[in-house]
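**Student:** Take this structure first; my questions come after.
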Amino acid sequence: MLESQLKIRSMQTRAFDTTNENMTLRAILATLQDFGFVIDKADEALGTITAKRIDKYPIRITVTVRKRRTTQVLVRMNAYYGQPVREPVIYQNFFTSLANSMFLTANPIQ
1 MLESQLKIRS MQTRAFDTTN ENMTLRAILA TLQDFGFVID KADEALGTIT AKRIDKYPIR
61 ITVTVRKRRT TQVLVRMNAY YGQPVREPVI YQNFFTSLAN SMFLTANPIQ
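Our numbering puts the first residue of the sequence shown at 1, with every later residue one more than the last.
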């Protein structure tokens, strides 16, 4: 049981080399919207975003951002469609798109 919980948590969590939590939250908002999610609530002070997508398979997402050490932020995404999502591809797609968005934000095209 504990091993499966750790496996799920490792799928849900990524560290990013930035200390800019605000920029990270904005990138998360953009990424979720790109995937067709509607933002329910975004709380900068708590570092949380809640969103949903209602289509063939309704899904709810909660993303939290918190500082990790002095050079990183930790992003954790929880996805639910009646039960916790355990398919790694959903988390992989989100974090790949988020990393691309954060890179483009930090390195604007001239």
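Cβ coordinates follow ideal geometry from the N, Cα and C atoms, glycine included.
Leaving out five residues before and five after Asp34 in sequence, what residues of the same chain have Cβ atoms less than 7 angstroms from its Cβ?
**Tutor:** Ser97
**Student:** By the DSSP assignment, the beta strand (DSSP E) with Thr13 in it spans what residues?
**Tutor:** Thr13 to Phe16
**Student:** Taking 7 angstroms as the limit between beta carbons, can you name the residues of its chain near Ala15, skipping five residues before and five after?
**Tutor:** Arg68, Gln72 and Leu74
**Student:** At what residue ranges does the segment 16-99 contain a whole run of the beta strand (DSSP E), taking only runs of 3 or more?
**Tutor:** 38-43, 48-53, 59-68 and 72-80
**Student:** To the nearest angstrom, report how far apart Thr31 and Thr62 are at their CA atoms.
**Tutor:** 13 angstroms
**Student:** State yes or no: is the C-beta of Glu21 nearer than 8 angstroms to some heavy atom of the ligand PLP?
**Tutor:** What this structure holds is no ligand at all, so the ligand PLP is not there to describe.
**Student:** Check each candidate in Asn78, Arg66 and Glu44 and name the one with the smallest Cα separation from Arg60.
**Tutor:** Asn78
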